[in-house]
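Structure first, commentary second.
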Amino acid sequence: MKHFGKTLTLISLAVLLLLISAGSASGKILFNDTIAEGDGYQINNYVIDVAEVFPDYDSVTLHVYEGASKTPKYDKMISVDGSYKFAIEGEDVEVTVISVHSGIVPRTKLLITVTDGSFINSKTLGVVSGGHTEAEFSGTPVLEITKTVDMDRIGAGDVVTVQVSVKNTGDDEATKVIFSDPTPAKFVLQQTLISPTGQISLDKGETRLIYTYTLKATESGTFVLSPTTAIYSNSIGDDFPQASSNTPVITVEDSSKKANLDITLAVDEYTVDRKDDLQGTIRIKNTGESSASAVTVNLIVPTGMEYSDGDSGIEIISGVPTIYMESFGIQQEKEISFSLKAMDEGTYTLSTQNSYRFSDGVDPTPQIASSTSVTNAIYVKKGKYDHLLEQPVYIYLIPLIVIGVIAGLLFHRHRQYKF
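Numbering of the sequence shown is given in the working numbering, commencing with residue 74 and proceeding in unit increments.
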């Protein structure tokens, strides 16, 4: 029984020693090798410099630098088997001196561990020849992109100048910077004066003009320009989220010059007898700010009426009385007369179908406008003698026969008395 108790005690001590040793060795091992005096070991923006190695005293002086600082944050002399612990970004880093070695350049073997390695940037980890003065640190460039326009209220067809500048307000150089700046809808790129070519770099605090170009507005309205964007990295090649500029607003007022043909249609009477003539007038006036071309006015004559005659400006094309003019100037006016014959009783409206072209000074393609003119109702009533035609035929034949008989008798008597 005593033997069993002694065995159990030994086993418990062994387990305890294993737990203690496991606890001391817990964490991620970053480095377990020799390093020369004057060199360093970098973990993110910290560098552990081996400042001096003392083989005769089995000790090492370590300097811990943060970033590009010239003054060490920690300055410790550590003996062999001794260690020093400090924090980087909330995680404990422990440096243990395993041994020291003499030579032309003294060396020391270090064991460097960290409790959790998830925060470590692999691009800034490892031995740095020459120590912290030769290290490249991972900074955070911040790009502030500003887009400006020389006018925020213009007319259709006007040209606006756009400039885009960028400033690096971060603590590291921005590298591999690539800009993107789409041309906004309803605008045409007129001229590019400054534009980046390929990738560029921006030092800390540097400001640079990236774009200068002009846009022509093609349509009226209020437009929000798309942001200029940039993708970039820092000095060690870490990629950062896309940066975007502000989005200027441009109001484009409708200042285009348009032709506007006011075409009216009128007749001299709106109540006429059947078979009577009707006089009409087409009046055309350009009240717009641009000349019109290819002016076409088709006179639509309803069934029950007939086109009789008109001014020389009217031609019959495919059976339709048509007015065609190659051009019609600003404020120009013209009156064209015509005549119709009312053929059948009824109620009618007379109309025209109008079309013309014009240039608004914005769109290179001529614009097409169309309209319709319609008269008030025209009433065609019975003619003066139309009621006679409505009587039966015998009403007209009997008097004619009687007249014929009397005329015949008179002629016969006249011949009898003559002889």
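Beta carbons are placed, not taken as given, at the ideal position from N, Cα and C, and that holds for glycine.
Residues that DSSP places opposite residue i in a beta bridge
{"i": "T219", "result": "S238"}
{"i": "P394", "result": "I389"}
{"i": "E139", "result": "Y119"}
{"i": "M224", "result": "Paired residue(s): none; M224 is not in a bridge."}
{"i": "D335", "result": "K358"}
{"i": "K414", "result": "D350, E379"}
{"i": "D106", "result": "L183"}
{"i": "S424", "result": "I373, V447"}
{"i": "I323", "result": "F296"}
{"i": "A124", "result": "Partner(s): none; A124 has no beta bridge."}
{"i": "L282", "result": "S238"}
{"i": "T302", "result": "S253, S317"}
{"i": "T248", "result": "S306"}
{"i": "Y62", "result": "Any property of residue 62 remains undetermined from this structure, which presents the chain solely from 74 to 492."}
{"i": "A365", "result": "F401"}
{"i": "A258", "result": "For A258, which the question treats as bridged, DSSP gives no partner whatsoever."}
{"i": "I151", "result": "V133"}
{"i": "F210", "result": "Per DSSP, none; premise fails for F210."}
{"i": "K455", "result": "K455 pairs with nothing; no bridge assigned."}
{"i": "K289", "result": "V232, V261"}
{"i": "V475", "result": "DSSP, once it has assigned bridges, lists no residue as partnering V475."}
{"i": "G419", "result": "V453"}
{"i": "A442", "result": "Y429"}
{"i": "D384", "result": "In the DSSP output, where bridge partners are listed per residue, D384 has none listed."}
{"i": "Y38", "result": "A question about residue 38 goes unanswered here, because the residues of the chain that appear run from 74 up to 492."}
Inter-residue CB distance, residue i and residue j (contact presumed, cutoff 8 Å)
{"i": "V250", "j": "S274", "result": "7 Å"}
{"i": "A415", "j": "L351", "result": "6 Å"}
{"i": "L183", "j": "I171", "result": "7 Å"}
{"i": "K259", "j": "E292", "result": "4 Å"}
{"i": "I357", "j": "I387", "result": "Wrong, their Cβ atoms sit about 12 Å apart, outside the cutoff."}
{"i": "L334", "j": "S424", "result": "Wrong, their Cβ atoms sit about 16 Å apart, outside the cutoff."}
{"i": "L198", "j": "Q236", "result": "That belief does not hold up - the Cβ atoms of L198 and Q236 are roughly 42 Å apart, past 8 Å."}
{"i": "K220", "j": "L298", "result": "7 Å"}
{"i": "V178", "j": "E110", "result": "6 Å"}
{"i": "S366", "j": "R430", "result": "5 Å"}
{"i": "I355", "j": "I409", "result": "5 Å"}
Beta-carbon contacts of residue i that lie in its chain and below 6 Å, excluding the five residues immediately before and after
{"i": "P300", "result": "S317, S318, T320"}
{"i": "Y452", "result": "T344, T420"}
{"i": "S306", "result": "T248, K249, D312"}
{"i": "K158", "result": "D165, E167"}
{"i": "M224", "result": "V233"}
{"i": "N427", "result": "I336, V370, S444"}
{"i": "S175", "result": "P128"}
{"i": "K407", "result": "I357"}
{"i": "D417", "result": "G377"}
{"i": "S70", "result": "This structure cannot settle anything about residue 70, because the visible part of the chain is limited to 74 through 492."}
{"i": "Q405", "result": "N359"}
{"i": "L482", "result": "none"}
{"i": "P269", "result": "F252, I283"}
{"i": "G243", "result": "T213, P214, V215"}
Same chain, Cβ closer than 7 Å to residue i, neighbours up to 5 away in sequence not counted
{"i": "G100", "result": "T186, V187, T188"}
{"i": "K330", "result": "E362, S363, D433, G434"}
{"i": "N449", "result": "Y343"}
{"i": "G402", "result": "N359, S364"}
{"i": "L262", "result": "T256, Y286, L288"}
{"i": "S94", "result": "Any reading at S94 is ruled out, since the residue's pLDDT is 42, under 50, leaving its predicted position unreliable."}
{"i": "S152", "result": "D131, S132, V170"}
{"i": "D148", "result": "H136"}
{"i": "D276", "result": "N241, E246"}
{"i": "L266", "result": "T285, Y286"}
{"i": "D231", "result": "A290"}
{"i": "S446", "result": "I336, T337, L338, S424, T425, N427"}
{"i": "M398", "result": "V368"}
8 Å CB neighbourhood of residue i in its chain, flanking five on each side removed
{"i": "D382", "result": "F411, S412"}
{"i": "I479", "result": "none"}
{"i": "A160", "result": "V166"}
{"i": "E326", "result": "R226, I227, G228, A229, S293"}
{"i": "T395", "result": "T369, V370, N371, L372, I387, E388, I389"}
CB contact below 8 Å: residue i versus chain B
{"i": "Y119", "result": "Checking the listed chains, one finds no chain B in this structure; it contains a single protein chain."}
Of all the beta strand (DSSP E) runs that stay within the bounds of the region 161 to 206, which reach a length of 3 or more residues? Here the runs fully enclosed are 164 to 174, 180 to 187, 198 to 201.
Does the count of Cβ pairs from the region 204 to 213 and the region 100 to 117 closer than 8 Å reach three? Taking 8 Å as the limit for Cβ pairs, the verdict is that the region 100 to 117 does touch the region 204 to 213.
On the three-pair Cβ rule with 8 Å, is the region 212 to 219 touching the region 119 to 139? A contact is defined here as three or more CB-CB pairs under 8 Å, and the region 212 to 219 fails this definition with respect to the region 119 to 139.
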